[in-house]
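Here the sequence shown is numbered in my numbering, starting from 18 and rising by one per residue. For glycine and all other residues, C-beta sits at the position ideal for the given N, C-alpha and C. What you are looking at is a predicted structure, and each value in this text was computed from that prediction instead of being measured. Report on one structure; see the data block that follows.
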Amino acid sequence: MVTADSGIIRFFTSINDIPGFSTLIFVFFGALLTVIIQSSSATIALTMTVMASGMISFEMGAAMVLGENIGTTITATIASLVGNVHARRAARIHTIFNTIGVVWVLLIFPYFIKLVAHLTTLIDGGNPLLQPDVYGSTGLAVLHTLFNVTNTLILIWFTPLLVKIAVNTVKTKGKKDEQYKLEYIGIHQKLVPNLSIVEAKKELIKFGDIAGRMTEFTRKLLMETESKERNRIIDRIQKYERITDEVEVEIADYLNRVLESNKDSGMAMRASGMNKAASNLERIGDLFYQISKEIEKKNVENLHFSTLQKQRLFELLDSIAIAFDIMNKNLEQPVEQVSLSEAQAIEDQINAKRDEIRREHYQMMQKSETANLKIGLIYQNIFSTLERIGDHIVNVSEGIIGKI
């Protein structure tokens with residue numbers, strides 16, 4: 018166990034006066050301690066203890082706290098190695114975020130320390146630079162808070178760039194990154210009616226995101242020309258379809274247990290509505306899988322959509338993507354703030370687009386003497402199925418508010 022009397026502490030405190038390097042040495046020391054202890058809060062507490070004993074100055078304690086902000090990203094990165102791609106990317110963003118923060122603070126370190134000392138004097142009545150053993154702990158708390166708040170206010174404007182960097186530097190491991198597990202509900206979980214509904218809704222939010230991803234998979238499948246990559250996308254869609262089947266069953270079982278344990282009519286309506294939402298999300302997975310099989314049939318028989326047919330399918334997929342965005346927004350909203358008007362409007366737009374495509378398709382089939390009936394039937398099946406997906410998407414929003 019690392020304590021204030023440990024050899025590693027005595028070693029680093031013995032080299033705290035190397036000109037030009039002391040600050041960097043203690044930044045490294047803080048990061049190293051955090052990795053060893055596996056807790057940034059425990060390391061900060063240890064830093065306060067070492068400083069209170071007079072072994073290091075406030076400046077060196079501040080440098081250690083900066084290093085601890087880097088060290089905590091290392092422990093998070095190590096923990097994320099057993100997670101999926103999203104966990105690893107979140108850890109990467111955490112690392113970039115804290116590292117950038119430490120770099121800019123080090124560039125203005127003397128001025129930043131003076132600001133911290135001034136704020137500490139206002140809060141605690143004393144200067145940690147002059148009396149680190151008395152006011153140093155408050156000073157480090159002020160520094161830690163100021164660092165994180167300021168860094169957040171600066172880097173929040175660069176969130177899209179941070180996400181792009183994380184996506185480009187942390188590549189997916191394919192199937193290994195698409196293992197889905199329920200996070201909020203479980204078979205043996207004790208049911209607390211109101212809390213159970215909240216937890217079930219959290220799972221529905223994740224479920225909606227999973228179903229929505231299949232839109233982009235379908236778009237890629239329509240565009241892909243290489244058979245190997247097409248097969249990979251089809252396998253992925255099939256895997257997501259299986260996931261939607263499993264999740265729907267688990268959520269339904271859980272909600273049925275909620276209904277059995279509580280006879281409140283309002284609670285029963287909400288649980289039944291969530292059951293409806295889960296059922297429709299599962300059906301969406303089935304329909305996307307059906308579409309993938311239609312596209313596979315087209316490829317096996319070496320049939321090709323016309324440029325116009327592809328364009329029309331992409332237009333429908335664009336509307337489906339918008340419908341998913343509205344649906345997911347509704348899933349995240351409190352029930353009383355959910356509005357069906359947007360959901361219904363985009364569903365009407367999808368219906369109108371389907372009708373337009375169907376009229377155009379029939380006219381083309383009648384006019385063209387060389388019309389291929391096989392590709393025409395596949396095309397019709399796909400645009401009709403996409404319209405049915407739109408129906409199920411609006412049904413999810415209706416289920417959220419308890420409309421059965």
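Around residue 397, the same chain offers 378 as residues with beta carbons nearer than 7 Å, after the five sequence neighbours per side are excluded. Comparing C-alpha distances from residue 353 to each of 248, 297 and 415 shows the shortest one belongs to 415. Residue range 357-384 is occupied by the alpha helix (DSSP H) that includes residue 382. Exposed is the label assigned to residue 317, since fewer than 16 other Cβ atoms lie within 10 Å of its Cβ. Secondary structure of residue 70 (DSSP, three-state): coil.
Residue 233 sits exposed, since fewer than 16 C-beta atoms from the chains shown fall within 10 Å of its C-beta. The three-state secondary structure of residue 328, taken from DSSP, is helix.
When rounded, the separation of the alpha-carbon atoms in residue 157 and residue 107 is 27 Å. Only residues of its own chain outside the window of five on either side were considered, and among them 239, 399 and 400 have a CB closer than 7 Å to the CB of residue 330, listed in chain order. Straight-line measurement puts the Cα of residue 265 at about 6 Å from the Cα of residue 296. Residue environment: residue 177 is assigned as exposed (fewer than 16 neighbouring CB atoms within 10 Å of its CB, all protein chains considered). In this structure, the straight-line span from the alpha carbon of residue 126 to that of residue 171 is close to 17 Å. Looking only at 262, 237, 249 and 53, the smallest Cα-Cα distance to residue 228 is reached by 262. Secondary structure of residue 188 (DSSP, three-state): coil. The C-beta distance from residue 254 to residue 231 rounds to 6 Å, short enough to meet the 8 Å contact threshold. The shortest C-alpha to C-alpha distance from residue 405 to any of 169, 390, 370 and 273 is the one to 370. In the structure shown, residue 409 adopts helical secondary structure according to DSSP, grouped into three states. Counting only unbroken stretches of 4 or more residues, the alpha helix (DSSP H) elements lying wholly within the region 76-158 are 102-124 and 126-141, in sequence order. Looking at 112, 167, 394 and 120, the one whose alpha-carbon comes closest to that of residue 187 is 112.
Minimum Cα-Cα distance from residue 273 among the listed residues 214, 299 and 225 corresponds to 214. Closest by C-alpha distance to residue 287, out of 41, 45 and 418, is 418. Considering only 55, 119, 361 and 92, the residue with the shortest C-alpha distance to residue 43 is 119.
Burial state of residue 383 is exposed, judged by a 10 Å Cβ sphere holding fewer than 16 other Cβ atoms.
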